[in-house]
Amino acid sequence: MAIFSSSAHTGQGIEDLLEKVLIESELLELQANPNRRADGVVLEARLDKGKGIVANILVQGGTLKVGDPFVAGPCFGRVRAMENDHGQRIQEAGPSTPVQLMGFDDMPQAGDKLVVAEDEKIAKEVANE
288 MAIFSSSAHT GQGIEDLLEK VLIESELLEL QANPNRRADG VVLEARLDKG KGIVANILVQ
348 GGTLKVGDPF VAGPCFGRVR AMENDHGQRI QEAGPSTPVQ LMGFDDMPQA GDKLVVAEDE
408 KIAKEVANE
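Per the working numbering: the sequence shown = residues 288 to 416.
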């Protein structure tokens, strides 16, 4: 593997670095499976007057759909609505997709792992443990 230099300050070598990352991911066939229950991570959360508890989530694997029951740390809920990074309502979000998620019972913490559960009863049990 070639050694190369890049600088975030000057931007020198960034294009080469991005190109090498893309080539490496293609060679290793790195892909997330969209055909399974979603998981992701909470990036931040806040209380919105009109929407309730809203969290920015990064879906890491699977596909998150409106209506899915989920657990995020000690919190649980059902996906009431999702918005993409442009503020548009969406019905599902695949791997590597950032979304704004509504439907939490309590305020999650940044870094909490979000996992879609089989049903809401199981989500509630897991969150209470």
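Where is the CB? At the ideal position from N, CA and C, for every residue including glycine. Predicted model only: the values in this text are computed from it and were never measured.
Fully contained in the segment 340-409 are the following beta strand (DSSP E) runs of length 3 or more, in chain order: 356-359, 362-370, 384-391 and 400-403. When the alpha-carbon of residue 382 is set against those of 331, 303 and 324, the nearest one is in 324. Secondary structure at residue 332: strand, using DSSP grouped into helix, strand and coil.
Residue 298 is bridged by DSSP to nothing; it lacks a bridge partner.
In terms of CA proximity to residue 373, 385 leads the group 379, 364, 365 and 385. Residue pairing from DSSP places residue 327 in a beta bridge opposite 346 and 401.
Between the segment 294-307 and the segment 358-368, the count of Cβ pairs shorter than 8 angstroms is below three; the stretches do not touch. The three-state secondary structure of residue 416, taken from DSSP, is coil. Spanning the alpha carbons of residue 389 and residue 366 requires a straight line of approximately 6 angstroms. Burial state of residue 344 is buried, judged by a 10 Å Cβ sphere holding 16 or more other Cβ atoms.
The C-beta distance from residue 395 to residue 332 rounds to 5 angstroms, short enough to fall under 8 angstroms.
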